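First residue of the sequence shown: 1, per full-length UniProt numbering; consecutive thereafter.
Virtual Cβ for every residue (Gly too), placed ideally from N, Cα, C.
Just so you know, these numbers come straight off a predicted model, no measurement behind them.
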Amino acid sequence: MEKGKFIVIEGPDGVGKTTQSKLLCQFLQSKGIKYIYTREPGGTPIGDYIRELLLNPENKIVPIAECLLYASARAQLIEEVIKPALSKGYWVISDRYLHSSIVYQGIGLNLGHNLVEEINIIATGGLMPDYTFLIDLDTDIALSRIGRTKDRIESRGLDYFQKVREGYHKLLNEYNMILIDGNKDIEEIHREIISKLKF
Ligand SMILES: Nc1ncnc2c1ncn2[C@@H]1O[C@H](COP(=O)(O)OP(=O)(O)O)[C@@H](O)[C@H]1O
Ligand SMILES: [Mg+2]
């Protein structure tokens, strides 16, 4: 059976990743393409425990532990969910992947791009997406779109998110990401994403 396609939607908080992931899922559904949606961290029983640890604002977690926890949740997700789905021919839509770790922990928390990349190559076994979309948006606008209570990561200041945004730009070429302008309206971005996919 033909392997499914692995699509990752990346970008800072509030740029529209979840909105676009869901629209893409609806589109695949309408085309009769089998798919699964995963968000990070989480998506497995162990991953959901780790998610709670990572996002709870009461937890004090040192940067390297934060990095390793994300990598652990990702390793579980790949083995338990992503690889089995791809091998059954399902498409996988992942709301974030290892790029987030390189940017949020490697660059944002100064652990280093290379260190976090190496850890994640081990955690993922080198599994890379077929398509990675990077939604880019001015940091002020992105943060203003997060209406609800902020989690442990989202509570970090403007400087941190500015670094995160710039960090993504540094990854663009290395990871062959497709840059999407997050200022456009939701439907327009959706059409742009679909136009890049080969079916
Ligand atoms: N292109 C867009 N223009 C305006 N608002 C948007 C756009 N995309 C998403 N939003 C809104 O911004 C908020 C954050 O979107 P979301 O998809 O949750 O972002 P993320 O998953 O990247 O944090 C939501 O309220 C969503 O409806
Ligand atoms: Mg989201």
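- request: Work out the CA separation of LYS31 and residue 231 for me, nearest whole Å.
  value: No information on residue 231 is available, as it lies outside the stretch 1 to 199 that the chain covers here.
The alpha helix (DSSP H) enclosing VAL8, as first and last residue numbers: Segment 6-10 is the beta strand (DSSP E) holding VAL8; no alpha helix (DSSP H) there.
Worksheet entry | Rounded straight-line distance, which links the Cα of GLY167 to that of ASN173 | Taking the straight line joining both Cα atoms gives about 12 Å.
Exercise. Quick one: measure Cβ to Cβ for GLN105 and TYR160, integer angstroms, because I've assumed they're closer than 8 Å.
Key: With 8 Å as the limit, GLN105 and TYR160 do not qualify as a contact, their Cβ atoms being about 11 Å apart.
- Item | Cβ of ARG148 within 8 Å of any chain C Cβ | Any reference to chain C falls outside this structure, which holds one protein chain only.
### Query
Shortest alpha-carbon distance to CYS25 belongs to which of LYS3, TRP91 and GLY16?
When each option's Cα is compared against that of CYS25, the closest is TRP91.
Going along the chain, which unbroken runs of the alpha helix (DSSP H) with 4 or more residues stay wholly within the region 59-114? Fully enclosed alpha helix (DSSP H) runs of 4 or longer: 63-77, 83-87 and 98-101.
- Query: Start and end of the beta strand (DSSP E) containing PHE133?
  - Reply: PHE133: member of the beta strand (DSSP E) spanning 131-136, first to last residue.
Handout entry: Continuous beta strand (DSSP E) stretch holding ARG156: start and end
Key = It is not in any beta strand (DSSP E) - ARG156 carries neither H nor E in the DSSP assignment.
State the start and end residues of the unbroken alpha helix (DSSP H) segment that holds ASP48.
Unbroken alpha helix (DSSP H) run through ASP48: 45-55.
- Task: Indicate, with yes or no, if ligand 1 has a heavy atom lying under 7 Å from the CB of ARG191.
- Result: No, Cβ of ARG191 sits at least 7 Å from all heavy atoms of ligand 1.
Going by CA-CA distance only, name the one from LYS34, GLY47 and GLU66 that's closest to ARG152.
Per the C-alpha coordinates, the member of LYS34, GLY47 and GLU66 positioned closest to ARG152 is GLU66.
| message | I need the residues with a C-beta less than 5 Å from some heavy atom of ligand 1; please give them in chain order. | response | Spelled out in chain order, the answer is ASP13, GLY14, VAL15, GLY16, LYS17, THR18, THR19, ARG145 and ILE186.
Q. What are the residues that DSSP puts in a beta bridge with ARG165?
A. Looking at the DSSP output, ARG165 sits in no beta bridge, so it has no partner there.
What residue range is occupied by the uninterrupted alpha helix (DSSP H) comprising LEU127?
In the DSSP assignment, LEU127 falls outside any alpha helix (DSSP H) and carries neither an H nor an E.
If you measure between the beta carbons of LYS3 and LEU86, is that distance less than 8 Å?
Yes, Cβ-Cβ distance for LYS3 and LEU86 is below 8 Å.
Check your understanding: In terms of DSSP beta bridges, what is TYR175 paired with?
Key -> According to DSSP, which records beta bridges pairwise, TYR175 is partnered with nothing at all.
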